[in-house]
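Q: This is the structure I have questions about; it appears just below.
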Amino acid sequence: MNFKKSLSALALALGMVSVSHAAVITDGSTSMEKVMGVLIESFEGNGIDVTYNPTGSGSGISAALEGRADIGLSSRALKSDEEQKLKGIDVAYDGIVVVVNKANPLTDIKTEELSKLFTGEIKNWKELGGNDAPVVLIGREAGSGTRDGFESVTHTKDNCKYRQELTSTGDVITTVGQNENAIGYASLSAVNDQVKVLTFNGVEATEATVLDKSYKLQRPFVFVINKAKAPSKDAQTFIDYALSKEAKPLIEKAGVVPAQN
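For the sequence shown, the numbering used here gives the first residue as 26, with consecutive numbering after it.
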């Protein structure tokens, strides 16, 4: 009798396991928070749980490489050495906007001006027709996809003289919004009325200008997969969903441009 009870308990336990939700682990870019939020929310109810760990693009790429995540999340394209072991799947494209304090009189910024600002060649706002005040440079931490995208386009890689290096897009916006002399960069999808967004080379950052590539300061949102191990069935289901026509309006709602049209 005890043996039968044990079998019954085991069968019940196995049954419980079979109906429990599987988990797909995603890890990486903090700039992809809104996109991941709408995708995960709309994906709920199909028996597959998706978790999102906002750790930064560099950490997400490492998580995919080391097998700690089913899907790494990167807000920059993979580098040639990373592509040897990893595959990148573009999900969306995001404009990187230049943000200043709302009290700053500037409205537009050129590539050369940005380069001179962030490398410390221009130190005072009056050199750009602004107030007679020192420039305060706010950026992201090393490994950030937003930072990589910004520095690549402005040709300032490893030469920026940041006053502060912050770990999230939200922190950059808050800091710039609180300092009249600050300038920083952020994801288009994350900006709010705390800051002023400058046009770049005379072009406003919008979904249309990002998609047609006329707005040049942009980067991809990428799902990163380890080539050595095929995604699990559940992970592949989520990837397919993120690239589907059904997901397209949700990605647009998050303020970025779907890669699949």
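Note that the Cβ used here is the ideal one computed from N, Cα and C, for glycine as well.
Starting from Leu242, follow its DSSP beta bridges and name the residues at the other end.
A: Beta-bridge pairing links Leu242 to no other residue.
Q: Please list, in chain order, all residues of the same chain as Gly174 whose beta carbon is under 8 Å from its beta carbon, the five residues on each side excluded.
A: Cβ neighbours of Gly174 beyond the five flanking positions: Ser100, Arg101, Ile121, Leu242, Gln243 and Arg244.
Q: Kindly indicate which three-state DSSP category Asp259 falls into: helix, strand or coil?
A: Three-state result, Asp259: helix.
Q: Less than 7 Å between C-beta atoms, sequence neighbours within five positions excluded: which residues of the same chain meet that for Lys182?
A: Same-chain partners within the cutoff: Glu176.
Q: Buried or exposed for Glu58, please, with buried defined as at least 16 other CB atoms from any protein chain shown within 10 angstroms of its CB.
A: When all chains shown are included, Glu58 counts as buried.
Q: Tell whether a beta-carbon distance below 8 Å holds between Leu90 and Leu103.
A: Taking 8 Å as the Cβ cut-off, Leu90 and Leu103 do not qualify as a contacting pair.
Q: When the Cβ atoms of the region 229 to 236 are set against those of the region 158 to 168, are three or more pairs found closer than 8 Å?
A: With a cut-off of 8 Å, the region 158 to 168 and the region 229 to 236 do not count as touching, because too few Cβ pairs lie within range.
Q: Would the region 266 to 284 count as touching the region 126 to 144 if we require 3 or more Cβ pairs under 8 Å?
A: Counting Cβ pairs under 8 Å, fewer than three are found: no touch.
Q: Secondary structure at Lys221, three-state DSSP: helix, strand or coil?
A: Residue state, collapsed to three classes: strand.
Q: Determine, using beta carbons only, whether Gly53 and Gly168 come nearer to each other than 8 Å.
A: No. Outside cutoff.
Q: Mapping DSSP to helix, strand and coil, what is Pro274?
A: In the structure shown, Pro274 sits in a helix (DSSP, three-state: H, G or I).
Q: If the criterion is Cβ atoms closer than 8 Å, does the pair Ala117 and Val60 meet it?
A: It is a contact, given that the beta carbons lie within the stated cut-off.
Q: Below 7 Å CB to CB, which residues in the same chain sit around Thr262 once its five sequence neighbours on both sides are set aside?
A: The answer, listed in chain order, is Ile73.
Q: Judging by CA-CA distance, which residue of Ala211, Lys258 and Glu277 is the nearest neighbour of Asp95?
A: Comparing Cα positions, the closest option is Lys258.
Q: Straight-line CA distance for Tyr77 to Gly154?
A: The alpha-carbon atoms of Tyr77 and Gly154 are separated by roughly 43 Å.
Q: Rounded to whole angstroms, what is the Cα-Cα separation between Arg188 and Ala211?
A: Using only the alpha carbons, I get a separation of about 16 Å.
Q: Do Val160 and Val216 have their C-beta atoms closer together than 8 Å?
A: No, Cβ-Cβ distance for Val160 and Val216 is not below 8 Å.
Q: Exposed or buried, which one is Thr132 when buried takes at least 16 other CB atoms within 10 Å?
A: It is exposed - the Cβ of Thr132 has fewer than 16 other Cβ atoms within 10 Å.
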